[in-house]
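Here's the structure we're looking at; comments come further down.
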Amino acid sequence: MSSDIDKTKFLIYWKKSIADREAHKRELKLKKAEKYVANNAYGLKHDATDYVIEEHIDSSTGAVSDKVVKAVDTEKAENDAKFDGFFCIVTSELDYDRNKIHEVYGELSKIEESFRICKSDLNARPMFVHTDEHIIAHFMICFVALLIIRLIELKLGDDQMSVERIQRALASFGCEEIAKGNIRLNMSTCNNEYIIKKMKKATSTVHY
372 MSSDIDKTKF LIYWKKSIAD REAHKRELKL KKAEKYVANN AYGLKHDATD
422 YVIEEHIDSS TGAVSDKVVK AVDTEKAEND AKFDGFFCIV TSELDYDRNK
472 IHEVYGELSK IEESFRICKS DLNARPMFVH TDEHIIAHFM ICFVALLIIR
522 LIELKLGDDQ MSVERIQRAL ASFGCEEIAK GNIRLNMSTC NNEYIIKKMK
572 KATSTVHY
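In structure tokens, the structure reads:
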């Protein structure tokens with residue numbers, strides 16, 4: 372009688388670009404966690420709580436009390452860092468070689484990532500609209516935004532950026548109509564986090 376493990380195949384691999392992306396996102400979360408702990412900034416709570424510990428203690432006695440003490444959970448951050456860029460795929464397709472497994476399940480993970488991006492980065496949920504028309508419009512905007520992000524990722528190629536960084540990069544631009552049918556993109560001078568790479572035949576004018 373064969374066990375379930377005999378009917379499965381495992382593929383474990385590591386990818387540097389994903390590891391770098393996860394490390395960067397964690398660094399941003401830690402910075403927000405530090406600000407949240409120091410200033411009790413409620414506006415940062417959503418992105419900060421992954422690495423914040425909240426305990427109910429009395430500093431004088433060490434007993435449990437109604438007072439909440441917040442601290443940055445550096446131990447959790449260090450533990451998470453150990454797994455940056457690692458993936459483990461379990462499949463029942465025993466005839467697949469590692470390239471086929473990576474190809475098939477890579478597409479599935481991309482679909483799952485799209486749902487995650489819509490929910491978190493693009494704020495598809497929760498919804499604050501109620502009519503059918505507004506709900507349809509809300510999801511339409513989210514899906515168009517997702518399409519734009521995927522097209523940017525495709526254009527970037529090997530120079531991949533996280534969705535969060537793409538959003539911040541786009542937010543640093545403004546636009547103005549310089550002539551009928553022509554829009555000029557302007558980069559905010561206060562945002563120097565991103566480097567604009569000058570490419571051959573590049574132009575700052577978009578035609579529509």
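Position 165 of the sequence shown, counting from 1, maps to 536 under our numbering, and the rest follow consecutively.
For glycine and all other residues, C-beta sits at the position ideal for the given N, C-alpha and C.
Here the C-alpha atom of residue 540 lies approximately 24 Å from the C-alpha atom of residue 407.
One alpha carbon belongs to residue 502, the other to residue 379, and they sit about 47 Å apart. In this structure the region 472 to 484 does not touch the region 447 to 456; the number of beta carbon pairs closer than 8 Å is below three. Runs of beta strand (DSSP E) with 3 or more residues, each lying fully within the region 482 to 564, are found at 544 to 550, 553 to 558, listed in chain order. For residue 542 against residue 513, the beta-carbon gap comes to about 17 Å, at or over 8 Å, which does not count as contact. Distance from the Cα of residue 397 is smallest, within the candidate group 445, 464, 551, for 445. According to DSSP, residue pairing for residue 426 in a beta bridge involves 440. Beta-bridge annotation (DSSP): residue 383 is paired with 459.
Note that the C-beta distance between residue 500 and residue 506 is below 8 Å. Within 10 angstroms of the beta-carbon of residue 392 lie 16 or more other beta-carbons, which makes it buried. It is roughly 41 Å from the alpha-carbon of residue 544 to the alpha-carbon of residue 426. Taking 8 Å as the cut-off, the beta carbon of residue 461 is found no closer than this to the beta carbon of residue 441.
Here the alpha carbon of residue 482 sits roughly 19 Å from the alpha carbon of residue 388.
Residue 443 is not a Cβ neighbour of residue 399, given a cutoff of 8 Å.
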